[in-house]
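Colleague:
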Amino acid sequence: MALVHAELDACSIHKWQPPLRRVTIKTLLIPLLPSVVAYLTADEALFLPDDSESDDSGFGDADIAAHSSGGRVECEAGSPDEAAAEDAGLHVGSALHADPQLRTLCLDVDAAIQKLGGAAFPKLNWSAPTDASWVLGGSSKCTSARDVLLLLKSSDRVAHDLTEARKLCADGGVNAQDETRAAAGGAQPYAWTLALRKWCELQPSAEFRCFRGSDGRLLAACQRDRYSHYAHLAERREALLQALEAFQLEVLASTLPEKVVWDAYIDAQQRVHLLDLAPFHESTDPLLFEWAELRAADSSARTASELRLVAEDGGIGPTTRIYHGLPYEMRDTEGGRLEELLAAARAAAGGDGRSVGVAEETKEPLLSTGGGTADVE
Numbered sequence: 001m002a003l004v005h006a007e008l009d010a011c012s013i014h015k016w017q018p019p020l021r022r023v024t025i026k027t028l029l030i031p032l033l034p035s036v037v038a039y040l041t042a043d044e045a046l047f048l049p050d051d052s053e054s055d056d057s058g059f060g061d062a063d064i065a066a067h068s069s070g071g072r073v074e075c076e077a078g079s080p081d082e083a084a085a086e087d088a089g090l091h092v093g094s095a096l097h098a099d100p101q102l103r104t105l106c107l108d109v110d111a112a113i114q115k116l117g118g119a120a121f122p123k124l125n126w127s128a129p130t131d132a133s134w135v136l137g138g139s140s141k142c143t144s145a146r147d148v149l150l151l152l153k154s155s156d157r158v159a160h161d162l163t164e165a166r167k168l169c170a171d172g173g174v175n176a177q178d179e180t181r182a183a184a185g186g187a188q189p190y191a192w193t194l195a196l197r198k199w200c201e202l203q204p205s206a207e208f209r210c211f212r213g214s215d216g217r218l219l220a221a222c223q224r225d226r227y228s229h230y231a232h233l234a235e236r237r238e239a240l241l242q243a244l245e246a247f248q249l250e251v252l253a254s255t256l257p258e259k260v261v262w263d264a265y266i267d268a269q270q271r272v273h274l275l276d277l278a279p280f281h282e283s284t285d286p287l288l289f290e291w292a293e294l295r296a297a298d299s300s301a302r303t304a305s306e307l308r309l310v311a312e313d314g315g316i317g318p319t320t321r322i323y324h325g326l327p328y329e330m331r332d333t334e335g336g337r338l339e340e341l342l343a344a345a346r347a348a349a350g351g352d353g354r355s356v357g358v359a360e361e362t363k364e365p366l367l368s369t370g371g372g373t374a375d376v377e
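If you read the sequence shown in the UniProt record's numbering, its first letter stands for residue 1, the second for the next number, and so on.
1. What are the start and end residues of the alpha helix (DSSP H) that includes W291?
2. Just to confirm before moving on: does the CB-CB distance between V260 and C11 stay below 8 angstroms?
3. What number of angstroms, rounded off, separates the C-alpha of A2 from the C-alpha of A170?
4. Report the rounded CA-to-CA distance for D298 versus S155, giving the unit in angstroms.
5. In the structure shown, what three-state DSSP assignment does V261 receive?
6. Please classify S144: is it buried, with 16 or more other beta-carbons within 10 angstroms of its beta-carbon, or exposed?
7. Along the chain, where does the alpha helix (DSSP H) that runs through L102 open and close?
8. Alpha carbon to alpha carbon, what distance is there between S300 and L218?
9. For residue 384, which residues does DSSP report across the bridge?
10. Taking the C-alpha atoms as reference points, what is the distance between L288 and D313?
11. Would you mind working out which of C222, A292, A239, S254 sits nearest Q269, comparing C-alpha positions?
12. Rank P122, I113, D161 by C-alpha distance to the C-alpha of T41 and give the top, closest one.
13. Can you give the beta carbon distance from D285 to L275, rounded, assuming they're within the 8 angstroms contact cut?
14. Run the CB neighbour count on H232, radius 10 Å, all protein chains shown included, and call it buried at 16 or more, exposed below.
15. From L107 to R21, what does the alpha carbon distance come to, in whole angstroms?
16. In or out: G213 buried (at least 16 other Cβ within 10 Å) or exposed?
17. Rounded to whole angstroms, what is the Cα-Cα separation between Y230 and L309?
18. When you compare the CB positions of K26 and K198, do they come within less than 8 angstroms of one another, or not?
19. Taking 8 angstroms as the threshold (C-beta atoms), are I113 and F208 in contact?
20. In chain order, what residues of the same chain have a beta carbon less than 7 angstroms from the beta carbon of L152, not counting five sequence neighbours either side?
21. Check whether the Cβ atoms of L116 and L196 sit closer than 8 angstroms, and answer yes or no.
22. Compute the distance between the beta-carbons of L32 and W134, then report whether it is under 8 angstroms.
23. How many angstroms separate the CA atom of L28 from the CA atom of A343?
24. Assuming contact is defined by CB atoms lying nearer than 8 angstroms, are S254 and L168 in contact in what I supplied?
25. Name, in chain order, the residues that DSSP records as bridge partners for H273.
26. Tell me which residues share the same chain as D131 and place their Cβ nearer than 7 angstroms to its Cβ, disregarding the 5 neighbours each side in the sequence.
27. Taking the continuous alpha helix (DSSP H) assigned at P286, which residues delimit it?
28. Using a Cβ-Cβ cut-off of 6 angstroms (strictly less than) and excluding sequence neighbours within five positions of A206, which residues of its own chain qualify?
29. Could you have a look at L124 and say whether DSSP puts it in helix, strand or coil?
30. Taking the Cβ atom as the reference point for each residue, do D305 and E245 lie within a distance shorter than 8 angstroms?
31. Who are the near neighbours of S127 in its chain, counting only those whose CB is closer than 7 angstroms to its CB and skipping five residues on each side?
32. Would you list the one or two residues that DSSP bridges to C169?
33. For R103, count neighbouring Cβ atoms within 10 angstroms of its own Cβ and tell me buried if that reaches 16, exposed if not.
34. For L256 and E293, what's the separation of their Cα atoms in angstroms?
35. From the DSSP secondary-structure annotation, give me the bridge partner or partners of P279.
36. Name the DSSP bridge partner or partners of P34?
In structure tokens, the structure reads:
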């Protein structure tokens, strides 16, 4: 099942949000110029601008804010920037050079957050930095430009958007670095976009992933929370499925690509809200389904739509927030290799297992996970 650029591009938030803004969460879009993309993809010390440089400057009422550009600002020894970065456990690189456009971006982001009520959920064209929420205590709730930049710079998903996502297309794709170099020669780069979405306290049990087939019908839907059983959902299964089918037919039919994956939220009044889009492709997580099932349903005109829920005896699954908060050495280690890594760490620490967070009785790593609210995306 090949992915083409037109399908991927149609799922970019800067394409689908404007025509569907009335049925989705309030969102402000800030186009990112090549210098901002260069800052986000730079493999160097993490830098966050000083809060004191921000003010309440805003922009017009349009959904798309004025163009912003990113860069780096040099911090002198003992400056507020450096002190703030050190307090946050961040290192300020000495090679960073002054660029007022990064400060302009921060002003735009701070103004957008205030316009959205004081808190926002950030994402780029396709992905949200939920894998980096551990740097903000387990939540993706941002109340300042510093929060937004910290999430974006810490996220593997954001890096994948900028460097790998378009390479998945069978008809050819380039990454952000290629486009930055091309832009220097006058070429038009891709419309990289920062989306700031109004922070909402969503109930995980009300979020669903929906799969639209090639004939425009709803093939299947399932919980987005694949690890939890909610007894009340089974009682409302038929009504929920009907609401999702009606929303796709009446609201999304003429706007969405022929085949697409869309995420929805159903509120207490049974109103459906669009959360996000993703390509109908193996690169999108099918959650409670397998892609072989979805392809078979798409090829069969007689297959009835299904709403799949987590069964009562579905067991307990691991949270991805724990996984994303682990060091790479532990994430990429399996079986006995983990014991070898911990043994080496204990030896380096002088033999005290507790110094590397290992329980003496169980010899298992003690992972501290912060609580957080439901992510908007």
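Don't be surprised by glycine CBs; every beta carbon is placed ideally from N, CA and C.
Modeller: Here's the rundown:
1. For W291, the enclosing alpha helix (DSSP H) covers residues 291-299.
2. The answer is yes: Cβ separation under 8 angstroms.
3. For A2 and A170, the distance between alpha carbons rounds to 6 angstroms.
4. Each residue's Cα considered, the two are about 34 angstroms apart.
5. V261 sits in a strand when the DSSP states are folded into three classes.
6. Burial is judged here by how many other beta carbons sit within 10 angstroms of a residue's own beta carbon; S144 has at least 16 and is buried.
7. Taken as a continuous stretch (DSSP letters only), the alpha helix (DSSP H) holding L102 covers 100-115.
8. For L218 and S300, the distance between alpha carbons rounds to 12 angstroms.
9. As shown, the chain starts at 1 and ends at 377. That puts residue 384 outside it, with no answer to give.
10. A straight-line Cα-Cα distance of about 14 angstroms links L288 and D313.
11. Cα-wise, what sits closest to Q269 is A239.
12. If we check each option's Cα against that of T41, D161 comes out closest.
13. Not a contact, Cβ separation roughly 14 angstroms.
14. Note on H232: under 16 other CB atoms within 10 angstroms of its CB, so exposed under the neighbour-count rule.
15. Their backbone Cα atoms lie some 24 angstroms apart in a straight line.
16. By the neighbour-count rule (16 or more Cβ atoms within 10 Å), G213 is buried.
17. Between Y230 and L309, the C-alpha separation is close to 8 angstroms.
18. Yes; because the gap between Cβ atoms is below 8 angstroms, this pair is in contact.
19. In this structure, I113 does not lie closer than 8 angstroms to F208 by Cβ.
20. Around L152, the same chain offers L40, P122, P129, V158 as residues with beta carbons nearer than 7 angstroms, after the five sequence neighbours per side are excluded.
21. In contact: L116 and L196 (Cβ atoms closer than 8 angstroms).
22. The answer is no: Cβ separation not under 8 angstroms.
23. Going by the C-alpha atoms only, they are around 49 angstroms apart.
24. No, they are not a contact pair.
25. DSSP lists Y265 as partners of H273.
26. Excluding positions up to five away in sequence, the list reads S155, D156, R157, H324.
27. No alpha helix (DSSP H) holds P286; DSSP gives it neither H nor E.
28. Excluding residues within five positions, the ones whose Cβ falls inside 6 angstroms are Y265, I266.
29. L124 falls in the coil class under three-state DSSP.
30. Looking at the sequence provided, one finds Ser at residue 305 rather than Asp. Taking 8 angstroms as the Cβ cut-off, S305 and E245 qualify as a contacting pair.
31. Beyond the five residues adjoining it in sequence on each side, S127 comes within less than 7 angstroms, by CB distance, of R157, V158, H160, D161 in the same chain, given in chain order.
32. Secondary-structure assignment with DSSP links C169 through a beta bridge to L3.
33. With 16 or more other Cβ atoms within 10 Å, it is buried.
34. One C-alpha to the other measures close to 22 angstroms.
35. V260.
36. Bridge partners of P34: none, in fact.
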